[in-house]
Amino acid sequence: MPVTGSISHWSSSADVDGDWQTQGGMELSIFFAGTGGSIPTARRGLPSMLVRRGGDRILFDCGEGTQRQLVSSVGLADLTEIYLTHFHADHWLGLPGMLKTFDLRGRDRPLAIHGPVGLRALLGLVLRMAGNVGYELDVVELGPGDVLARDGYRIAPVAVSHRGTALGYVLYEDERPGVFDPDAARRLGLREGPEFGRVQRGETIRGISPDQVLGPARPGRKLVLSGDTRPCESLRIAAHRADVLVHEATFAQEERDRAHDNGHSTAEQAATIARDAEVGLLALNHVSTRHPLGLLRDEARAVFPATVLPRDFDTIEIPFAERGEPTLIRWSHAPERMAEQPAAAAAAASASAS
Ligand SMILES: [Zn+2]
Ligand SMILES: [Zn+2]
């Protein structure tokens, strides 16, 4: 098995030139392939999320049955890379079958798999299960402080508080240039056409610099995934002002002590992190069948109203701030998909209990 720490050859093909105009419409979304915790049910598979940004397809966790979940919904894409939060079986047991499928389909581009220290040993086991594969696997062990630069965004692990080493992940986009002011550009004597384009791309033309014709830089989008964790300060800090926080909510408040002992969070604790971090939208996952989902939802919304509970195959779309708020799109085979906003969900509470 070729094992390297190198990630330098990983760049996306989607955002071809990094131009701010192409980024303006770039998709960023989270597809929930599995939203249950520990034990699968008829309606909820084990944890896995597919983040889609432009042409990139990034899988976070790969519980047993993940490839089947994907095949049954959006299709099993040729993944760009994979991140594991930790090594409890409900978060990685889908890997051997998925890696084998890629091999059988003739994948030839390398695949990078990231996770906490111990990942190399785990992948040794996974490959004994799957048999060797014909493409290169880059196994990258990560720790707090690492930042992986991608084309237009970065991914950083965050140490969280579970049983054994566990990571959450932050995906944040590069800042975008400010809004172009064509009137200011004309007043300064720039010619409409190519000169407008050049100055927006950062060129200084006849002494006129981009900051004279562009507004303040605009933040990119930020998405934070907790993995399995007790409520923890490092994640609260990492999630500051995130557009979306996906946080586990394994227990209801009545089992708060049990949640702590098992390294998990209650829905209310997840909501408290979301409120304190001032995130835009909280999505709860890793829910167990022990508690009615309506109870988890109500306990969370009492603290942080902008909370949703995605079901398997739902998607959260994250537009740029000036284009709207993150929105949970319920999965539907019908061509017209139903959008559900948190406020609307509160009004139609009974319909969204599972
Ligand atoms: Zn778990
Ligand atoms: Zn776990």
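Position 153, counted from 1, in the sequence shown is what numbering that gives the first Met the number 0 calls 152; the numbers after and before it change by one each time, with no gaps.
By construction, the Cβ of each residue, glycine as well, lies at the ideal position given by its N, Cα and C atoms.
What you are looking at is a predicted structure, and each value in this text was computed from that prediction instead of being measured.
Express the C-alpha separation of Arg-104 and Gln-252 in angstroms, rounding to a whole number.
-> 46 angstroms
Residues bridged to Gly-33 (per DSSP) | Ser-47
Beta-carbon proximity check, Leu-280 vs Ile-315, cutoff 9 angstroms = yes
Selected residue, minimal CA-CA separation from Phe-312, among Gln-211, Arg-190, Gln-199 and Met-48 | Met-48
Going by C-alpha distance, which of Val-243, Gly-144 and Arg-217 is nearest Glu-321?
-> Arg-217
Using a C-beta cutoff of 9 angstroms, does Arg-217 count as contacting chain C?
-> Protein chain content of the structure displayed is limited to a single chain, and chain C is not contained in it.
Cβ-heavy atom distance, His-87 to ligand 2, below 8 angstroms = yes
Report buried or exposed for Glu-202, applying the criterion of at least 16 other Cβ atoms within 10 angstroms of its Cβ.
-> exposed
Please confirm whether any heavy atom of ligand 2 lies closer than 8 angstroms to the CB of His-246.
-> no
Identify, in the order they occur along the chain, each residue of the same chain with its Cβ nearer than 6 angstroms to the Cβ of Ala-347, setting aside the five sequence neighbours on each side.
-> Per-residue confidence for Ala-347 stands at a pLDDT of 42, beneath the threshold of 50, marking its modelled position as unreliable; no derived number is given.
Under the criterion of a Cβ to heavy atom distance below 8 angstroms, does Ser-225 qualify as lining ligand 1?
-> no
Nearest neighbour of Leu-98, chosen from Glu-135, Gly-214 and Val-223 [CA to CA] | Glu-135
Collapsed DSSP secondary structure at Glu-26 in the structure displayed | coil
Around the C-beta of Val-116, are 16 or more other C-beta atoms found within 10 angstroms, so that it is buried, or is it exposed?
-> exposed
Compute the beta-carbon to beta-carbon distance between Ile-272 and His-239, rounded to the nearest angstrom, for a pair I have assumed lies under 8 angstroms.
-> Not really, about 11 angstroms apart at Cβ, beyond 8 angstroms.
Roughly how many angstroms lie between the CA atoms of Ser-53 and Ala-237, to the nearest whole one?
-> The displayed chain sequence assigns Gly, not Ser, to residue 53. So the alpha carbons of these two residues sit roughly 24 angstroms apart.
Measure the C-alpha to C-alpha separation of Phe-101 and Ile-317 and round it to an integer number of angstroms.
-> 29 angstroms
Using beta-carbon positions only, say whether Ala-248 and Ala-276 come within less than 9 angstroms of one another.
-> no
Below 8 angstroms CB to CB, which residues in the same chain sit around Tyr-152 once its five sequence neighbours on both sides are set aside?
-> Arg-52, Leu-170, Tyr-171, Glu-172, Asp-173 and Gly-219
Any non-hydrogen atom of ligand 1 closer than 8 angstroms to Gly-74 Cβ | no
What are the start and end residues of each continuous beta strand (DSSP E) run of 3 or more residues lying completely inside the segment 132-157, in chain order?
-> 136-141
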